[in-house]
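Asker:
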Amino acid sequence: MKYRKFGKSASEVSEIGFGAWAIGGSWGEQSDKDSLEALGTALENGVNFIDTAAGYGDGKSERIIGEFLKSRSEKVQVCTKTPPAPGKWPPSPYCKIEERYSEKYLRENVEERLKNLQVESLDVLLLHTWTRAWNDNPSALKILQQMKSEGIIKQIGISTPEHDQNCVIQLMRDGMVDVLQVIYNIFEQEPAAQLLPVALETGTGIIVRVAFDEGVLTGKYRGNESFGPGDFRSNYFAGDRLERGVRRTEKIKKEFGESGYSMPQLALKFAMSHEAVSTVIPGIRNRNQALQNTAVSDLPELSNEILQKLREHSWNRGFWYGGK
Ligand SMILES: NC(=O)c1ccc[n+]([C@@H]2O[C@H](COP(=O)([O-])OP(=O)(O)OC[C@H]3O[C@@H](n4cnc5c(N)ncnc54)[C@H](OP(=O)(O)O)[C@@H]3O)[C@@H](O)[C@H]2O)c1
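Heads up, my numbering is the position in the sequence shown plus 699, with the first residue counted as 1.
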């Protein structure tokens, strides 16, 4: 496992981190036994960064991680997230920051994160999520900075809203965040335009989420699969979305079939290929996935030729002029 500098801190994080959404719920059946085996295997293979959130199973993911880490001697950084107080998700352009992230709410919510994780301070706390409407008056980030100076949080930041990831660029330049969590994968390459270069310029840590586009970029789907009603993928892949994702993935598979990389390996290596990226956090829900995903760090880097060719597979899903 290789390690990279992480944000504004002196610490380093593993290139492959542990995405802990599914171990909290919303991804179909998940046993705690599988979750604990996945966490143990990931740590044994060099992972020192885990990403969770209040919202993953209403704190369940955090509680499993907190209990698990108590029994381990490895030094692991955990990133967790505070959602805005109840209201529109994602926050609308008309939401008031003082109503969604008041100081009282933020402090109480952080208390709950500390309790679930069984720690006295948080390594990373991200706001989950944000609207550009708050950029010129980021009062919530100022409150978090105050909590940082009190020693309650070590690094602060934002998990980008997927419809407007670039809204955080101003905040990096204004020195308001240490770390960001962004979607960056073979389909979603837009962050390469400005977000990632500005992260490099400002020394902002970058956590890459959804490197497999919620599973489709692993290349294991045929397009006719269905997900249970409690599984968030029944919504994400609603209608013909899975089929369309599979069609595009099949083209990538065919083009890179001789490259020596499997689809999961290609997807993870792509996500970690940008210099601005600190860690990529594939969702991991069992021992096998922990073994496969952690092994990717030590594989040879993608050649420039492969990286150039992968650029052709970016897919702007909000672009109606391009047709369906
Ligand atoms: N801030 C946010 O709003 C936000 C949103 C999404 C995610 N995240 C974070 O980012 C992490 C990663 O995103 P994600 O988990 O949503 O999606 P992802 O990483 O794109 O996909 C993860 C899923 O792919 C499957 N998988 C994992 N490794 C595999 C392998 N080697 N081969 C085949 N299948 C494999 C697993 O599901 P199956 O076994 O069921 O196929 C796994 O749950 C999350 O866990 C969470 O920590 C944050």
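Cβ coordinates follow ideal geometry from the N, Cα and C atoms, glycine included.
Source: prediction; values computed, not measured.
What is the C-beta distance between LEU916 and MET962, in whole angstroms, given that I count them as a contact (C-beta under 8 Å)?
Answerer: Counting from one through the sequence shown, the residue named residue 916 turns up at place 217. Counting from one through the sequence shown, the residue named residue 962 turns up at place 263. With 8 Å as the limit, LEU916 and MET962 qualify as a contact, their Cβ atoms being about 6 Å apart.
Asker: Inspect the beta-carbon positions of CYS781 and ARG812 and report whether they are closer than 8 Å.
Answerer: As a first step, residue 781 must be located in the sequence shown, where it is residue number 82. As a first step, residue 812 must be located in the sequence shown, where it is residue number 113. The sequence shown places Thr at residue 781, rather than the Cys named in the question. Contact: yes.
Asker: Write down every uninterrupted run of the alpha helix (DSSP H) in the segment 859-939 whose length is 4 residues or greater and which is fully enclosed by it, in chain order.
Answerer: Listed in chain order, the complete alpha helix (DSSP H) runs (minimum 4 residues) inside the segment 859-939 are 868-872, 894-901 and 932-935.
Asker: Enumerated in chain order, which unbroken segments of the alpha helix (DSSP H) with a length of 4 residues or greater are wholly contained in the segment 753-812?
Answerer: Whole alpha helix (DSSP H) segments, 4+ residues: 759-769 and 796-799.
Asker: Check this for me: beta carbons of PHE911 and PHE926, under 8 Å apart or not?
Answerer: Your numbering for residue 911 matches position 212 in the sequence shown. Your numbering for residue 926 matches position 227 in the sequence shown. It is not a contact, given that the beta carbons lie outside the stated cut-off.
Asker: Would you call the CB atoms of ILE852 and LEU826 closer than 8 Å?
Answerer: The sequence position of residue 852 within the sequence shown is 153, counting from 1. The sequence position of residue 826 within the sequence shown is 127, counting from 1. No, the Cβ-Cβ distance between ILE852 and LEU826 is not below 8 Å.
Asker: DSSP state of SER972, grouped into three classes?
Answerer: For the purposes of this step, residue 972 is taken as residue 273 along the sequence shown, with counting starting at 1. DSSP places SER972 in coil when its eight states are reduced to three.
Asker: How would you label SER760, buried or exposed, when you count the other beta carbons within 10 angstroms and need 16 or more for buried?
Answerer: By 1-based counting over the sequence shown, the position of residue 760 is 61. Under this definition SER760 is a buried residue.
Asker: Only counting the same chain, and skipping five residues up and downstream in sequence, which positions put a Cβ closer than 7 Å to that of VAL712?
Answerer: One-based indexing of the sequence shown puts residue 712 at position 13. Hits under 7 Å: TYR702, ARG703, PHE705, ASN747, PHE748, GLN776, SER977 and THR978.
Asker: What are the boundary residues of the beta strand (DSSP E) that GLU743 is part of?
Answerer: Reading the sequence shown from its first residue, position 44 is the one you call residue 743. No beta strand (DSSP E) holds GLU743; the alpha helix (DSSP H) holding it covers 731-743.
Asker: Compute the Euclidean distance between the alpha carbons of GLU773 and GLY1022, then round it to the nearest angstrom.
Answerer: Within the sequence shown, residue 773 is the residue found at index 74, counting from 1. Within the sequence shown, residue 1022 is the residue found at index 323, counting from 1. Cα to Cα, the separation comes out at about 50 Å.
Asker: How long is the line joining the alpha carbons of GLY982 and VAL909, rounded to whole angstroms?
Answerer: Along the sequence shown, one-based indexing puts residue 982 at 283. Along the sequence shown, one-based indexing puts residue 909 at 210. Taking the straight line joining both Cα atoms gives about 8 Å.
Asker: Check ARG703 in the structure and name its three-state DSSP category.
Answerer: Within the sequence shown, the letter at position 4 stands for residue 703. It is a strand residue.
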